[in-house]
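Trainee: Chains as they are written, first to last, in my numbering: chain A, 1 to 291; chain B, 1001 to 1205.
A virtual CB, placed ideally from N, CA and C, is assigned to each residue, including glycine.
Below is a structure I'd like to ask you about.
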Amino acid sequence: MPHKKLESIISSLLEVTAIKLPTDVYASLQKMRAEETQTLACELYSCIFDNLDKAELLHRPLCQDTGVLQFFIRAGAHFPHLDILEESIFTATKLATESVPLRHNTVECFTEKNTGNNTGKLSPWIEWEIIPGDDLHIDVYMAGGGCSLPGRSKVLMPLEGYEGVAKFVFDTIVDWGVNACPPLVVGVGIGTCAATAAILSKKALLRKVGSVNANPQAADMERMIKEGLDSIGIGPLGLTGTKSVQCVNIEFAGHHPATLAVGVTVGCWATRRGSIDISADLASYAITSHS
Amino acid sequence: MTDKQIITTPISNEDISNLKIGDVIYLTGMLATCRDDGHRRVVESNRFPDFDLKGMSILHAGPIVKTIPGAGYEMISIGPTTSRRMEAYESEFIEKTGVKIVIGKGGMGAKTAAACKAFNALHCVFPGGCAVTAATEVEEIVGLEWADFGMPEAFWIMRVKNFGPLIVSIDTKGHNLFELNKIEFEKKKELALKNLLPHVHYSHG
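Structure (structure tokens):
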């Protein structure tokens, strides 16, 4: 039964993602903890790691806000179960909501009623990408409320330039990021319109902490924005410290000459992102985000 | 830690009037969750929970709770939520309920700071995201009200022991730690941008 198999695989990805941090995020927090010198900030890092230990020991979601789920699919054009994938994601979400358990987050628009099972209209949110081959890659992101709040995008006039892009990132992080459980993972998108910049900023968030942009100018800009944000000393939970952010990742698309849109999406210290590779016959799968 | 400063409910003015922003305290006693919908119900609809909040504490949080058939509820995971969302309602909430300690994450604004000063109350932050630690500091869920809001928004009443660390972010004099930090962050931001902007002038030439 491919339905049951897919549901069970995706549900197990949700379980791991809710309880443990991905390897790269855990390592980046360890590094920041080791480099921290301020007393209160050091204590807060101790609280963070104590919580991570307890979550694993008690097998519970490490943060109570397990988010509204967002799935980013890269499906091989010849993956044989494309027709049941969406349904399987919805069923797996309901299953994991019960079994992990996940918090009931999805609220239907206008009635503002909580559905009680984390599914609803277009929820979980699914982004599709068709790639060559016959296997399936899924990234899941647990979009918590606190770290979704600072997100925004804006269409700049091109003469505002990349200076305008940088300023938009700094304003967003200093104004709202402080409340979004720093040290943040910062995703920046650059494109033509508000929508493309926003989605690229989310894709930037899905890139690993510590990964380097393939484009040398973007890599420079990532490094310089990170250094600039770190010099502000926002610290863990916004209570000051020697650093501010885990990383700044930029993703971009060729844009209209008359617009330069920028989007910012942030992930909290507890950025919960899970990645899985699934074979065409569903016989084997590997969670690649967690060790 | 032997020098934990523990505040026990019911909380009197004297218990908290000497606390200053940046102080770290722990809470023992009764704590109820209340966030967006609960604040709106109290402030807009003038409806109050049966549990009297006078001298008590609230936590801006939407927990994960497991129902144990025949045995009540088990707290699974309960970290604080963003307090700033409640800014528009908090001052009136404090005035109407007599709540003494409001716990959440991140800072609150000038209206709440004025209410803390006027009504002798505190805003404190619990380290955001540390939700399993917080759950292990909940001894028992003793009540549930406003279940119609759904699990995260409902009014969960808990007995807690040494709940913390809680960092005082607004004290009873109205001093506001996050607002003070923000002034510093803004200054440093301007300096960082001044240094950065000359290096990101990417153009076709």
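By DSSP, does Cys1124/B sit in helix, in strand, or in coil?
Mentor: Taking the second sequence and counting its residues from 1, the one referred to as residue 1124/B is at position 124. Strand, per DSSP.
Trainee: Who does Gln70/A pair with in a DSSP beta bridge?
Mentor: For this step, residue 70/A is matched to residue 70 along the first sequence. The partner list for Gln70/A (beta bridge, DSSP) reads Trp125/A, Tyr141/A.
Trainee: Using alpha carbons as the reference points, say which of Gly1072/B, Arg1040/B, Gly1038/B lies closest to Glu1139/B.
Mentor: Residue 1139/B sits at position 139 when you count from the first residue of the second sequence. Nearest C-alpha to Glu1139/B: Gly1072/B.
Trainee: Spell out whether any CB of chain A is found under 8 Å from the CB atom of Gly1107/B.
Mentor: Residue numbering aside, residue 1107/B sits at position 107 when the second sequence is read from its first letter. Gly1107/B counts as touching chain A.
Trainee: Mind pulling the chain A residues with CB within less than 8 Å of Val1125/B?
Mentor: Walking along the second sequence from the start, residue 1125/B turns up at place 125. What Val1125/B touches in chain A: Leu237, Leu239.
Trainee: How is Lys113/A classed by DSSP in three states: helix, strand or coil?
Mentor: Your numbering for residue 113/A matches position 113 in the first sequence. The answer is coil: DSSP assigns Lys113/A none of H, G, I, E or B.
Trainee: So Ser231/A contacts chain B; which residues on that side make the cut at Cβ distance below 7 Å?
Mentor: Within the first sequence, residue 231/A is the residue found at index 231, counting from 1. Residues of chain B passing the Cβ test: Lys1188, Ala1192.
Trainee: Any residues in the region 1069 to 1084 of chain B with a beta carbon nearer than 8 Å to a beta carbon of chain A? Which ones, in chain order?
Mentor: Listed by position along the chain: Ile1076, Ser1077, Ile1078, Gly1079, Thr1081, Thr1082, Ser1083, Arg1084.
Trainee: Please classify Leu57/A as buried or exposed, where buried requires at least 16 neighbouring CB atoms within 10 angstroms.
Mentor: On the first sequence, residue 57/A is found 57 positions in, with the first residue counted as 1. Its Cβ having fewer than 16 others within 10 Å, Leu57/A is exposed.
Trainee: Return no unless some Cβ of chain B is closer than 8 Å to the Cβ of Asn249/A.
Mentor: Within the first sequence, residue 249/A is the residue found at index 249, counting from 1. For Asn249/A, the answer is no, since every Cβ of chain B falls outside 8 Å of its Cβ.
Trainee: Step through the CB atoms of chain B and report whether any lies within less than 8 Å of the CB of Glu163/A.
Mentor: Within the first sequence, numbered from 1, the residue matching residue 163/A stands at position 163. True, the Cβ-Cβ gap to chain B drops below 8 Å.
Trainee: How long is the line joining the alpha carbons of Ile73/A and Ile138/A, rounded to whole angstroms?
Mentor: For the purposes of this step, residue 73/A is identified with residue 73 of the first sequence, where counting begins at 1. For the purposes of this step, residue 138/A is identified with residue 138 of the first sequence, where counting begins at 1. When rounded, the distance between both Cα atoms is 5 Å.
Trainee: Could you work out which residues of chain B lie near Ala270/A, taking near to mean beta carbons separated by less than 7 Å?
Mentor: Here the question's residue 270/A lines up with position 270 in the first sequence. Per Cβ cutoff of 7 Å: Gly1129.
Trainee: Is there contact here, the region 1146 to 1162 of chain B with the region 1094 to 1106 of chain B, by at least three beta-carbon pairs under 8 Å?
Mentor: Taking 8 Å as the limit for Cβ pairs, the verdict is that the region 1094 to 1106 of chain B does not touch the region 1146 to 1162 of chain B.
Trainee: Just to confirm the assignment, what range does the alpha helix (DSSP H) spanning Phe1119/B have?
Mentor: The residue labelled residue 1119/B in the question sits at position 119 within the second sequence. Residues 1110 to 1119.
Trainee: For Met975/B, write down the residues that DSSP places opposite it in a beta bridge.
Mentor: As shown, chain B starts at 1001 and ends at 1205. That puts residue 975/B outside it, with no answer to give.
Trainee: Within the continuous beta strand (DSSP E) that includes Asn249/A, where are the two ends?
Mentor: Residue mapping note: residue 249/A aligns to position 249 of the first sequence, counting from 1. Residues 245 to 252.
Trainee: In whole angstroms, give me the CA-to-CA distance for Glu1137/B and Pro1127/B.
Mentor: Here residue 1137/B is taken as the residue at index 137 of the second sequence, counted from 1. Here residue 1127/B is taken as the residue at index 127 of the second sequence, counted from 1. The straight-line gap from Cα to Cα measures roughly 13 Å.
Trainee: With DSSP as the reference, please indicate the residues paired to Gly191/A in a beta bridge.
Mentor: If you number the first sequence from 1, residue 191/A lands on position 191. BP columns for Gly191/A point to Ala261/A.
Trainee: Does the beta-carbon of His1123/B have 16 or more other beta-carbons within 10 angstroms, so that it is buried, or is it exposed?
Mentor: As a working note, residue 1123/B is residue 123 in the second sequence. His1123/B comes out buried.
Trainee: What beta strand (DSSP E) runs, 3 residues minimum, are completely inside the region 142 to 212 of chain A?
Mentor: Correct list: 152 to 156, 184 to 191.
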